[in-house]
Amino acid sequence: MRVRRCAVVYLEPRESVAIDLVDLCAGGAGTSRALRWVALAPHLDAECVLTETEALVLGRMSPSKWQDATTIKDPSVVRSLLDKGLLLEDSEQTHPAQQRDTVQRHSQWHPLAATYHAFTRWNDVDSAQAAKDAGADTASALLRTFGPPPPEQVRRGTTDAICLARAPDHGYLDTVLRRRTTCRNFETDAHMDAAVFARIIERTFAANAVLEADPETVFLKRSSPSGGGLHPLDAYLLIRSVSGIADGIYHYLPVDHALEPLGVEVDNLQDVALTLLAGQDWFANAQVIVALCPRYYRNFWKYRMHAKAYRALALEAGHFSQTLYMAATDVGLGAFVTCAINEVQIEALLGLEPIMEGVVALCGFGVRGDSMQTMELDPNNEVWAST
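Going from the sequence shown to my numbering is simple: count from 1 and add 15.
What follows is the structure, encoded as structure tokens:
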């Protein structure tokens, strides 16, 4: 049998601290500490705890050259690492870990970015409840729990600041910018007009132009910038109460300006929205929720194992969310964006392959409620003064 190490793995010497009542009663600090080796491999679904022997053997294995397993003295170590998916056998091409490792090898992810991405995805997290449990669900609770934050502004210069002139009159763009506020109060019973929905989607996600460098190399021009002009970000939509469109899950085609029904069967879209949004019920009532989902290799095709590629994808999602804010605000609707999301559930719902596709944020838009039940950051009353 020949084996080799998986393509990407990082080993962390992790310390855990626990309450030790025996030590406390004996006059000690009342804590116990334990060190263990943890393997983080992005092709696996979970981290792996290793013995010191396993960590040493794994570190000595090549990720590219197959070697005879009998060169490793302890067969039980080989079997344990094979079972964990950290060692791979050349005769087991159908093993799930082997298949995912093969995808990882061809994906062109930067190894650190791949590991960060894999192990910061949430799985069935309730972030709203977690914030309450941590004493971090309101500004006053944050202050009590963590003390005051860093200052809202810092001065770096050594001389007096130069004050800049403010525009005496606000134009239309200024008005839209000032009214841009994250909406946490959507009207649950409202319906959205199909033309308004289509206009917001077109402004935000449609291709404004198509450039064909050759038949197999096509670039899009959209309202938001994208690294290398590649536009790997796809929009998947959860739609409710939009006139003329059946409630459901859709994929948006930017060149055609069209929706593809995914045929995903769900019992309750409200429950699905709440799960995807990690318990943020103040967003879950929006008529339209959009998952911003990169096809990673569309970017990595050019930026191969590039240290900045993943950062560029996150930046792109930010651009699109701001464009969505502007488009929604322009027609009097509310909008939001959040990265506190359950990526694992979103990937499963949309049928995404986590190494090659994923989700970096959820945004959405809808009809505002009549009153502010959940606090919004609108100190100048740009939005709520007229409601």
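We treat Cβ as the ideally placed atom computed from N, Cα and C, and that holds for glycine.
Just so it is clear, the structure is predicted and the values come from calculations on it, not from any experiment.
Legend entry - Where Asp-249 falls, given that 16 or more other Cβ within 10 Å makes a residue buried: Taking the first residue of the sequence shown as position 1, residue 249 is located at position 234. Buried.
Legend entry - Within 8 Å, strictly: CB atoms of Glu-358 and Gly-373: The sequence position of residue 358 within the sequence shown is 343, counting from 1. The sequence position of residue 373 within the sequence shown is 358, counting from 1. Yes; because the gap between Cβ atoms is below 8 Å, this pair is in contact.
Inset, instruction - Identify whether His-132 lies in helix, strand or coil by the three-state DSSP scheme. - result: As a first step, residue 132 is located in the sequence shown; it is residue number 117 there, counting from the start. Reduced to three states, the DSSP call for His-132 is helix.
Inset, instruction - Can you say whether Cys-40 is buried or exposed, counting buried as having 16 or more other CB atoms within 10 angstroms of its CB? - result: By 1-based counting over the sequence shown, the position of residue 40 is 25. Cys-40 is exposed by the Cβ-count criterion.
Legend entry - Beta-carbon spacing of Ile-260, Val-279 below 8 Å: Here residue 260 corresponds to residue number 245 of the sequence shown, with the count starting at 1. Here residue 279 corresponds to residue number 264 of the sequence shown, with the count starting at 1. Not a contact, by the Cβ cut-off of 8 Å.
Inset, instruction - Could you have a look at Ser-47 and say whether DSSP puts it in helix, strand or coil? - result: As a first step, residue 47 must be located in the sequence shown, where it is residue number 32. In this structure, Ser-47 counts as strand in the three-state DSSP scheme.
Legend entry - Which of helix, strand or coil DSSP assigns to Asp-148: Reading the sequence shown from its first residue, position 133 is the one you call residue 148. Three-state DSSP puts Asp-148 in a helix.
Inset, instruction - May I ask you to report which of helix, strand or coil DSSP gives Asp-229? - result: Taking the first residue of the sequence shown as 1, we reach residue 229 at position 214. In the structure shown, Asp-229 sits in a strand (DSSP, three-state: E or B).
Inset, instruction - Locate the alpha helix (DSSP H) running through Ala-249, then write down its first and last residues. - result: Reading the sequence shown from its first residue, position 234 is the one you call residue 249. Looking at the sequence shown, residue 249 is not Ala but Asp. Here Asp-249 belongs to no alpha helix (DSSP H); instead the beta strand (DSSP E) covers 248 to 254.
Inset, instruction - Determine contact between the segment 240 to 248 and the segment 306 to 315, defined as no fewer than three beta-carbon pairs at a distance below 8 Å. - result: yes
Inset, instruction - Count the other CB atoms, across all protein chains shown, that sit within 10 Å of the CB of His-206; report buried if there are 16 or more and exposed otherwise. - result: Along the sequence shown, read from residue 1 onward, the residue named residue 206 stands at position 191. Looking at its Cβ environment, which holds fewer than 16 other Cβ atoms inside 10 Å, His-206 is exposed.
Legend entry - Coarse secondary structure for Trp-52, derived from DSSP in three states: Indexing the sequence shown from 1 puts residue 52 at position 37. DSSP places Trp-52 in strand when its eight states are reduced to three.
Inset, instruction - Determine, using beta carbons only, whether Val-375 and Pro-309 come nearer to each other than 8 Å. - result: Position 360 of the sequence shown holds residue 375. Position 294 of the sequence shown holds residue 309. Yes, the pair counts as a contact, with Cβ atoms nearer than the cut-off.
Legend entry - the segment 325 to 343 in contact with the segment 283 to 295 per 3-pair CB rule at 8 Å: no
Inset, instruction - Indicate whether Gln-119 and Val-23 have their beta-carbon atoms separated by less than 8 Å. - result: For the purposes of this step, residue 119 is taken as the residue at position 104 of the sequence shown. For the purposes of this step, residue 23 is taken as the residue at position 8 of the sequence shown. Yes, the Cβ-Cβ distance between Gln-119 and Val-23 is below 8 Å.
Inset, instruction - Could you tell me whether the Cβ atoms of Ala-128 and Leu-59 are closer together than 8 Å? - result: In the sequence shown, counting from the first residue as 1, residue 128 sits at position 113. In the sequence shown, counting from the first residue as 1, residue 59 sits at position 44. No.
Inset, instruction - Starting from the C-beta of Glu-202, find all residues in its chain whose C-beta is less than 8 Å away, skip the five residues before and the five after it, and write them out in chain order. - result: In the sequence shown, counting from the first residue as 1, residue 202 sits at position 187. Contacts found: Asn-300, Gly-381, Val-382, Arg-383, Gly-384 and Asp-385.
Legend entry - Pairwise C-alpha distance: Pro-126 and Val-18: As a first step, residue 18 must be located in the sequence shown, where it is residue number 3. As a first step, residue 126 must be located in the sequence shown, where it is residue number 111. The alpha-carbon atoms of Val-18 and Pro-126 are separated by roughly 21 Å.
Inset, instruction - Within its chain, find whatever has a CB closer than 7 Å to the CB of Leu-27; leave out the 5 residues flanking it on each side and keep chain order. - result: Start at 1 with the first residue of the sequence shown, and residue 27 comes out as number 12. A quick correction: the sequence has Glu, not Leu, at residue 27. Answer for Glu-27: Val-53 and Leu-55, listed in chain order.
Inset, instruction - Over the uninterrupted alpha helix (DSSP H) stretch that includes Cys-63, give me the two end residues. - result: As a position in the sequence shown, residue 63 is number 48, starting the count at 1. Careful: Cys-63 lies outside any alpha helix (DSSP H), inside the beta strand (DSSP E) at 63 to 65.
Inset, instruction - Determine the contact status of Leu-307 and Ala-332, defining contact as a CB-CB distance below 8 Å. - result: Within the sequence shown, the letter at position 292 stands for residue 307. Within the sequence shown, the letter at position 317 stands for residue 332. Yes, the pair counts as a contact, with Cβ atoms nearer than the cut-off.
Legend entry - Reduced DSSP secondary structure (H/G/I, E/B, other) of His-266: The residue labelled residue 266 in the question sits at position 251 within the sequence shown. Strand at His-266.
Inset, instruction - With DSSP collapsed to three states, give me the class of Cys-178. - result: The residue you call residue 178 lines up with position 163 of the sequence shown. If DSSP states are grouped into helix, strand and coil, Cys-178 belongs with coil.
Inset, instruction - Taking Pro-240 as part of the alpha helix (DSSP H), name the residues at either end of that continuous run. - result: Mapped onto the sequence shown, residue 240 falls at position 225. First-last for Pro-240: undefined, no H or E at that position.
Inset, instruction - Would you mind giving the Cβ-Cβ distance between Arg-214 and Asn-223, rounded to the nearest angstrom? I have them listed as a contact below 8 Å. - result: Start at 1 with the first residue of the sequence shown, and residue 214 comes out as number 199. Start at 1 with the first residue of the sequence shown, and residue 223 comes out as number 208. Their Cβ separation, rounded to whole angstroms, is 14 Å, which puts Arg-214 and Asn-223 out of contact at 8 Å.
Legend entry - CA-to-CA distance, Ala-44 to Leu-328, given in whole angstroms: On the sequence shown, position 313 is the one that residue 328 refers to. On the sequence shown, position 29 is the one that residue 44 refers to. Each residue's alpha carbon lies about 46 Å from the other.
Legend entry - Straight-line Cα distance separating Tyr-25 from Leu-97: Residue 97 sits at position 82 when you count from the first residue of the sequence shown. Residue 25 sits at position 10 when you count from the first residue of the sequence shown. For Leu-97 and Tyr-25, the distance between alpha carbons rounds to 16 Å.
Legend entry - Top-ranked residue by Cα proximity to Asp-105, from Gln-82, Gln-123 and Arg-115: Walking along the sequence shown from the start, residue 105 turns up at place 90. Among Gln-82, Gln-123 and Arg-115, the Cα nearest to that of Asp-105 is on Gln-82.
Legend entry - Three-way DSSP call (helix, strand, coil) for Pro-309 in this model: The residue labelled residue 309 in the question sits at position 294 within the sequence shown. Strand.
Legend entry - Rounded C-alpha distance that separates Ser-142 from Thr-174: In the sequence shown, the residue the question calls residue 142 occupies position 127. In the sequence shown, the residue the question calls residue 174 occupies position 159. Cα to Cα, the separation comes out at about 44 Å.
Inset, instruction - Please state whether DSSP places Leu-235 in a helix, a strand or coil. - result: The residue you call residue 235 lines up with position 220 of the sequence shown. Strand at Leu-235.
Inset, instruction - Check the C-beta distance from Leu-101 over to Arg-20 and give it rounded, since I have them as a contact under 8 Å. - result: In the sequence shown, residue 101 corresponds to position 86, counting from 1. In the sequence shown, residue 20 corresponds to position 5, counting from 1. Their Cβ separation, rounded to whole angstroms, is 7 Å, which keeps Leu-101 and Arg-20 in contact under 8 Å.
Inset, instruction - Report the rounded CA-to-CA distance for Ala-400 versus Asp-35, giving the unit in angstroms. - result: Counted from its first residue, the sequence shown places residue 400 at position 385. Counted from its first residue, the sequence shown places residue 35 at position 20. Each residue's Cα considered, the two are about 56 Å apart.
Legend entry - Reduced DSSP category for Arg-120 - H, G, I as helix; E, B as strand; rest coil: Position 105 of the sequence shown, counted from the first residue, corresponds to residue 120. It is helical.
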